[in-house]
Amino acid sequence: MTSPLRRRSGQAASLLFAFLLMGVAACSRGSSHSELKKIATSDEVRQKREVAEGELRARAVEIGASSPWGPPLRTTVVDTCSRGSGRNYLDQNAPEQPVLSCMMRLHLYFAVDSPVPEVLQDLRSMKTPAKWSGGSIDSALRYYENKTYGTSHAYPPSIGSLTGGERLAWDAPGDNVKAKVLEPCPGHKVVLGTCVSDPADLTLAGMREHPGTLFEWTLTVGYHEMYGT
Numbered sequence: 038m039t040s041p042l043r044r045r046s047g048q049a050a051s052l053l054f055a056f057l058l059m060g061v062a063a064c065s066r067g068s069s070h071s072e073l074k075k076i077a078t079s080d081e082v083r084q085k086r087e088v089a090e091g092e093l094r095a096r097a098v099e100i101g102a103s104s105p106w107g108p109p110l111r112t113t114v115v116d117t118c119s120r121g122s123g124r125n126y127l128d129q130n131a132p133e134q135p136v137l138s139c140m141m142r143l144h145l146y147f148a149v150d151s152p153v154p155e156v157l158q159d160l161r162s163m164k165t166p167a168k169w170s171g172g173s174i175d176s177a178l179r180y181y182e183n184k185t186y187g188t189s190h191a192y193p194p195s196i197g198s199l200t201g202g203e204r205l206a207w208d209a210p211g212d213n214v215k216a217k218v219l220e221p222c223p224g225h226k227v228v229l230g231t232c233v234s235d236p237a238d239l240t241l242a243g244m245r246e247h248p249g250t251l252f253e254w255t256l257t258v259g260y261h262e263m264y265g266t
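Sequential numbering of the sequence shown, starting at 38, is according to this note's numbering.
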């Protein structure tokens, strides 16, 4: 039987731990949502945002002009500023994370009426200026060689760039996969988020009505980070 003294000691320890967690949570919350949004909409961050968008759109024009697939069916620009975790008060040796990070993604959508393995092979010699990872291409080719797409828990592979910041994903008609290319607009929990498509009324479902496979070429750049004081 547990003695009253030991029971009270256990209760006190539990309360102390609960108060510690509450204190850590309060510290980690840091700046309020409104304070972070004020920073995300400041002139300094806005200027960085405009530079980032200009760079991504210039790259998109380069891809659209030289891609063997022709111009994209749709271009979507997603801009998000999200709250980060900040400092880890339970592990003083953990690297500090930003309390606010802003990034921009530009998505180009193509419908390619060729077998996916052929498209993947063409990536190696494509004149479009992209340095794709040979390992990610090999892995994607094995996905089709081994007919992994026919299994019940198959997820489609993707191709990454060697220099980072670019990714090619797709979903082929008939593939038995649990994950499809999704609409990229941000959720409701971001500090600041915008999503603009051209043309605005063309959905992924509409693009899937085109013959072939829907490919999503994504460009990503981070343009602002803020750390706690």
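Built from N, CA and C at the ideal position, the CB exists for glycine as well.
First through last residue of the alpha helix (DSSP H) which encompasses D80:
Counting along the chain, the alpha helix (DSSP H) containing D80 begins and ends at D80 to S103.
Of the residues K168, R142, R179 and S151, the one placed nearest P194, counting alpha carbons only
Nearest option by C-alpha distance: R179.
Taking 7 Å as the limit between beta carbons, can you name the residues of its chain near P109, skipping five residues before and five after?
Spatial neighbours of P109 in its own chain (CB-CB distance under 7 Å, excluding positions within 5 residues in sequence) are listed in chain order as G101, L145, Y146 and F147.
Taking 8 Å as the cut-off, decide whether the C-beta atoms of R86 and Y264 are in contact.
No, the pair does not count as a contact, with Cβ atoms beyond the cut-off.
S176 bridges to which residues according to DSSP?
In the DSSP output, where bridge partners are listed per residue, S176 has none listed.
Distance check for T112 and I76, CA to CA, integer angstroms please.
Rounded to the nearest whole angstrom, the CA to CA distance from I76 to T112 is 28 Å.
Check whether the Cβ atoms of V114 and L160 lie closer than 8 Å to each other.
Contact: no.
Whole angstroms are fine: how far does the CA of K74 sit from the CA of D150?
Whole-angstrom Cα-Cα distance: 43 Å.
By a C-beta neighbour count over all protein chains shown, 10 Å radius and 16 as the cutoff for buried, is D238 buried or exposed?
D238 comes out exposed.
Do you know how far the Cα of T185 is from the Cα of I196?
So the two alpha carbons sit approximately 16 Å from each other.
Would you kindly work out how many angstroms separate the C-alpha atoms of L137 and V98, rounded to a whole number?
About 30 Å.
Quick check on this structure: which residue in C222, R245, G201 and P223 has the alpha carbon closest to the alpha carbon of D267?
In this structure the chain extends from 38 to 266, so residue 267 is not present and cannot be described.
Thinking A206 and E155 are a contact (beta carbons under 8 Å), I'd like their distance in whole angstroms, please.
Rounded to whole angstroms, the Cβ separation of A206 and E155 is 17 Å, and the two are not in contact under 8 Å.
Around the C-beta of G255, are 16 or more other C-beta atoms found within 10 angstroms, so that it is buried, or is it exposed?
For the record, residue 255 in the displayed sequence is Thr; it is not Gly. The residue in question, T255, is buried, as its Cβ has 16 or more Cβ neighbours within 10 Å.
Between which two residues does the beta strand (DSSP E) containing S119 stretch?
Its beta strand (DSSP E) spans residues R111 to R120.
3 or more residues per run - each beta strand (DSSP E) lying fully within the region 185-256:
Counting whole runs of 3 or more residues, the region 185-256 contains the beta strand (DSSP E) stretches 195-197, 203-208 and 229-235.
DSSP beta-bridge partners for R1?
With the chain running from 38 to 266 in the structure shown, residue 1 is simply not present.
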